[in-house]
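See below for the structure under consideration.
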Amino acid sequence: MKFFKEWGRFMMMGARAHANWEMEISNTILKDRKRLMVLGLLLIPVILGGIAFADQVGDVMPHFLGGKKAYSPAFYSPFIFGASILIGLGAGLITGCIGAGGGFIIAPALMSAGIKGILAVGTDLFHIFAKAIMGSVIHRKLGNVSVPLAVIFLIGAIIGATCGGIINRVLYEINPILSDAFITTIYSLMLGLLGCYALLDFLQARKRGDTGGAHGGKSEGADLGNLPKKLQAIKIPPMITFDQGLVPGGRSISCVFLILSGALVGFAAAIMGVGGGFLTFPIFVYMLGVSSMTTVGTDILQIVFTAGYAGITQYAIYGFIFYTMAMGMLLGSLIGIQIGALVTKVVSGITIRGFYAMAVLAGFVNRIFALPGKLTALEVMDLSKGTTAILDKIGVWAFFIVITGFGVWVIGTFLTNISVLKGERAAS
């Protein structure tokens with residue numbers, strides 16, 4: 219039970235850190251006219267070029283670049299673009315309102331809509347990379363980044379992302395259903411653990427009358443836990459020094475642990491398509507003993523490079539990027555994050571915690587109910603087509619009912635409290 223709580227807390231802290239990055243990126247983009255112009259330019263080929271040349275491009279483009287017959291459908295349709303905006307909107311509402319990563323629902327949502335798992339992962343990575351490049355705030359945080367720490371970590375991240383990308387592609391080449399089953403299993407385990415922890419956290423908070431929001435969390439500074447102390451005591455050269463401004467003489471840790479940590483983050487990013495940001499914060503703070511200030515700066519840096527490297531070298535050049543959908547998700551998430559963040563001003567924190575638990579558990583139900591059908595197709599299980607179809611429909615409907623209900627509630631709360639929110643902004 220203790221391990222479950224610690225691992226759940228570990229993942230929750232990572233989800234919150236990634237959400238903070240998402241919100242800062244969103245604010246940076248929307249408050250800068252030049253960045254908004256870049257977004258508009260990115261959308262032009264999706265909408266205008268896609269409408270005008272969809273059929274022709276599908277016939278003449280090489281398959282590995284993404285024609286209609288390739289792994290990734292590069293053509294445009296109003297339904298595809300609209301659905302991608304709604305998916306991004308849902309993820310953005312969760313991120314902005316709950317303060318924990320809503321990106322966890324993107325891959326399950328895409329797969330539920332009929333997108334291949336590997337294509338969902340590649341598209342999500344590309345969407346994260348595009349958002350990171352457009353709203354990059356690295357220049358604001360470089361003062362808190364230990365360059366040697368970041369470089370060694372990124373060496374591991376590149377290795378891990380390469381391995382993760384190769385595994386996904388090899389499984390897809392063996393059997394596309396095997397690839398989907400693998401990605402679905404990973405998401406089932408991750409969302410099941412995180413969802414159960416979030417639900418337990420909500421129930422305990424309600425029992426003790428804690429009305430605090432999901433944005434909170436213990437601030438990590440100079441104090442070290444037992445694990446970081448043990449790891450920093452292992453002197454395997456070369457040693458990397460960091461946090462000189464926090465502790466006299468700084469702290470140091472072996473590059474071996476940094477490379478292994480980076481490899482884990484890169485591997486998770488390439489396998490799941492979530493950028494790896496949800497793992498960097500808890501690994502740095504709770505395992506390696508890096509201060510939260512240095513961690514935030516390094517996390518921003520690694521998301522840009524890890525998502526970019528994995529998205530381009532492991533997926534884009536092989537045709538596993540759905541550009542139309544990636545841009546739609548980017549647009550939807552930018553809007554959703556802003557609305558969700560405003561709603562937190564008029565909704566109690568305990569309600570937000572409850573909704574987060576429901577959203578994550580809905581993603582878990584969606585993937586776990588889809589798994590029997592994939593295992594039956596692989597002849598690992600023996601269920602009738604009717605049974606697997608019913609299970610799959612239950613998972614899809616449960617997922618979209620919860621996410622849609624949450625979205626309607628957040629937007630409705632926003633619209634009914636516009637006057638209150640305007641008053642708060644005027645007062646500030």
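In my numbering, the protein residues as written are 219 to 646.
Every residue gets a Cβ at the ideal spot worked out from N, C-alpha and C, and that includes glycine.
S472 sits in a strand when the DSSP states are folded into three classes. Exclusion of the five residues before and after G383 leaves A488, A528, T531, Q532, Y533 as the residues of its chain whose Cβ lies within less than 8 Å of its Cβ.
Excluding the 5 residues flanking it on each side, Q520 has same chain C-beta neighbours closer than 8 Å at A368, F371, L372, A375, G480, V483, G494, G495, T498, in chain order.
Contact annotation: T341 and M547 have beta-carbon atoms nearer than 9 Å. Inter-residue distance for A607 and G623 is about 24 Å (C-alpha atoms, whole angstroms). Relative to L411, the option among T605, I586, W615 whose CA is nearest is I586. Between I454 and S472 the beta-carbon gap is near 4 Å, inside 8 Å, which marks them as a contact.
Here the stretch 443-460 lies against the stretch 503-516, with 3 or more beta-carbon pairs under 8 Å apart.
With a beta-carbon spacing of about 5 Å, V522 and A350 fall inside the 8 Å limit used to define contacts. Per DSSP, reduced to three states, the secondary structure at I458 is strand.
In this model, I395 and L464 are separated by some 50 Å (Cα to Cα). Residue state for K334 is assigned as coil, using DSSP reduced to three classes. If you look at G491, you'll find it isn't in any alpha helix (DSSP H); DSSP assigns it neither H nor E. In the DSSP assignment, M547 falls within the alpha helix (DSSP H) that extends over 541-561.
In the structure shown, G443 falls within a coil segment according to DSSP collapsed to helix, strand and coil.
In the DSSP assignment, T531 falls outside any alpha helix (DSSP H) and carries neither an H nor an E. Taking the Cα positions, I636 is about 15 Å away from V626. The Cβ-Cβ distance between A580 and I619 falls below 9 Å. DSSP places D342 within a helical segment (H, G or I) once states are collapsed to three. V578 counts as buried, since no fewer than 16 other beta carbons sit within 10 angstroms of its beta carbon. In this structure, V638 keeps its C-beta atom at 9 Å or more from the C-beta atom of F617.
The beta carbons of G630 and D610 sit about 30 Å from each other, so the pair does not count as a contact at 8 Å. For S479, the three-state secondary structure derived from DSSP is helix. Annotation for S406: the continuous alpha helix (DSSP H) segment containing it runs 394-425. Restricted to the stretch 566-619, the alpha helix (DSSP H) segments that are unbroken, complete and at least 4 residues in length are 567-595, listed in chain order. If you check the CB distance, G310 and S244 come in under 9 Å. By the C-beta density criterion, G378 is buried, having at least 16 other C-beta atoms within 10 angstroms. Rounded to the nearest angstrom, the gap between the Cα atoms of P456 and Y536 is 37 Å.
Around the beta carbon of F297, a 10 Å sphere encloses fewer than 16 other beta carbons of the protein chains shown; the residue is thus reported as exposed. Closest by C-alpha distance to K563, out of V628, A327, L601, I553, is V628.
Assignment of D517 by DSSP, reduced to helix, strand and coil, places it in the helix class.
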